[in-house]
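Enquirer: Dumping the structure here so I can ask a few things about it.
There are 2 protein chains.
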Amino acid sequence: MQKAKTYSPEVYPAVDSRVEALVVEVMGRVADKWTLIILEVLEKHGELRFTRLGELAGGISQKMLTQTVRQMERDGFVIRTVHPVIPPRVEYKLTDLGLTLAEAFCGVWTWAEANVTRIEKARDAFDRRNKI
Amino acid sequence: MQKAKTYSPEVYPAVDSRVEALVVEVMGRVADKWTLIILEVLEKHGELRFTRLGELAGGISQKMLTQTVRQMERDGFVIRTVHPVIPPRVEYKLTDLGLTLAEAFCGVWTWAEANVTRIEKARDAFDRRNKI
DNA sequence: TGCCATACTTACCCGTTGGAAAGTGAAGGA
DNA sequence: TCCTTCACTTTCCAACGGGTAAGTATGGCA
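Chains as they are written, first to last, in the numbering used here: chain G, 32 to 163; chain W, 32 to 163.
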């Protein structure tokens, strides 16, 4: 048997742990598959309507699309413009904050593009080492 | 009623969709809470043993720690060194690939730190607008 | 003969995630 | 009168995530 199965966080005397926790929470929110993709799509295409945004995101359900986009609106990443017409017309675009976030993630996207093959190779090698 | 509830991906004639899908898959894998945190911890502290890594990650369970770290090893982000002694001694450190990934995410972390308060304000404003 | 440490693995279990599908509302067209 | 459009909302349900707890292996030490 064993005493601890989940490691409790260390206490750093010099670091504000409230800010730390918030940053981690924000990272958790922001580092979400659909949030990332929608960020990308809106950065590339500018203002988009709901359905078009869903098409460009690819494979997202209506439920997740509204949910993600609403969350991003709350966090201040997108502006949602409702045109009071029928049938409804709602448009989404990035705020300045959302744009800077997209830019911050840009490096990660390019990293991913540049290193996909290296990752694939690493996986193959690992599987060969451990499968047999 | 309605025909489509999940939007199918668009076909871009000029873009290799296989690479696209892979990149998205890699992003999904990499943009995981624990992966991100472990990347951070290993970048800051260098080589670490299992238990110490867990303590520094903060709040992670043994199961998730092994799982995450094994996945990162498979993807080629960390090197796992087993010292054949008893009790076991296993050390983890970033590979060059892992280090470049950590650097790529560095921008996002600093962005998060810099913008936590703006996000909080945006949330408050949103909630005030929509709660009442 | 136990007990300890370390790095796991396995089984169980519950809460969350997220897709499928159907419902809503309001106006204009057939 | 009913259908259509668009942007949702809601309900149902299956899959997954991830925590807790317990088990494993091995040699040294008391």
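Every residue gets a Cβ at the ideal spot worked out from N, C-alpha and C, and that includes glycine. All figures in this text were calculated on a predicted structure; none of them were measured in a lab.
List the residues of chain G whose Cβ lies closer than 8 angstroms to the Cβ of M58(W), in chain order.
Expert: Here the neighbours are K64, L67, V139, W140 and A143.
Enquirer: What residues match up with L79(G) in a beta bridge as DSSP calls it?
Expert: According to DSSP, L79(G) bridges with Y123(G).
Enquirer: If you pair each beta-carbon of the stretch 64-71 of chain G with each one of the stretch 133-142 of chain G, do three or more pairs fall below 8 angstroms?
Expert: Enough Cβ pairs lie closer than 8 angstroms, so yes.
Enquirer: Buried or exposed: T99(W), going by 16 or more other Cβ atoms within 10 Å of its Cβ?
Expert: T99(W) is buried by the Cβ-count criterion.
Enquirer: Using the rule of at least 16 other Cβ atoms within 10 Å of the residue's Cβ for burial, across every protein chain shown, is R105(G) buried or exposed?
Expert: So R105(G) ends up on the buried side.
Enquirer: If I measure Cβ to Cβ from G90(G) and keep anything under 7 angstroms in the same chain, skipping five residues before and after, which residues do I get?
Expert: Counting only Cβ-Cβ distances below 7 angstroms, and skipping sequence neighbours, we find nothing.
Enquirer: Quick one: does G129(W) have its CB under 8 angstroms from some CB of chain G?
Expert: Chain G contact via Cβ: absent.
Enquirer: Is there a Cβ from chain W that is less than 8 angstroms from the Cβ of G85(G)?
Expert: Chain W, which has a Cβ nearer than 8 angstroms to the Cβ of G85(G), makes this yes.
Enquirer: Could you check how far apart the C-beta atoms of Y123(G) and L84(G) are, in whole angstroms? I think they sit under 8 angstroms.
Expert: Indeed, because the Cβ distance is near 6 angstroms, the residues count as touching under 8 angstroms.
Enquirer: Within the same chain, show all residues whose beta-carbon is closer than 6 angstroms to that of I150(W), passing over the 5 residues directly before and after it, in chain order.
Expert: Closer than 6 angstroms at the Cβ level, and outside the excluded window around I150(W), lies no residue.
Enquirer: Can a CB atom of chain W be found closer than 8 angstroms to the CB of A153(G)?
Expert: Chain W contact via Cβ: present.
Enquirer: Just to make sure I have the definition right: I need the residues of chain G whose C-beta is within less than 8 angstroms of the C-beta of E104(W). Which are they?
Expert: In chain order: F157.
Enquirer: Judging by CA-CA distance, which residue of V54(W), D63(W) and E144(W) is the nearest neighbour of M103(W)?
Expert: Taking only the C-alpha atoms, the option nearest M103(W) is D63(W).
Enquirer: Between T99(G) and chain W, is any beta-carbon pair separated by less than 8 angstroms?
Expert: Not an interface residue.
Enquirer: Considering only their Cβ atoms, is the gap separating V147(W) from L53(G) smaller than 8 angstroms?
Expert: Cβ distance < 8 angstroms, so L53(G) and V147(W) count as in contact.
Enquirer: Can you give me the C-alpha to C-alpha distance between V113(G) and V61(G), rounded to a whole angstrom?
Expert: Taking the straight line from one Cα to the other gives about 24 angstroms.
Enquirer: Relative to the C-alpha of A143(W), which candidate in E51(G), P119(G) and L96(G) has its C-alpha closest?
Expert: For the residues E51(G), P119(G) and L96(G), the minimum Cα distance to A143(W) belongs to E51(G).
Enquirer: Say whether chain W places a C-beta atom closer than 8 angstroms to the C-beta of Q77(G).
Expert: The sequence given here places Gly at residue 77(G); Gln does not occur at that position. Taking Cβ atoms only, chain W never reaches closer than 8 angstroms to G77(G), which makes this a no.
Enquirer: Between T37(G) and S92(W), how many whole angstroms is the CB-CB distance? I'm expecting something under 8 angstroms.
Expert: With a Cβ gap of about 4 angstroms, T37(G) and S92(W) count as contacting.
Enquirer: Do you know how far the Cα of N161(W) is from the Cα of K152(W)?
Expert: Their backbone Cα atoms lie some 14 angstroms apart in a straight line.
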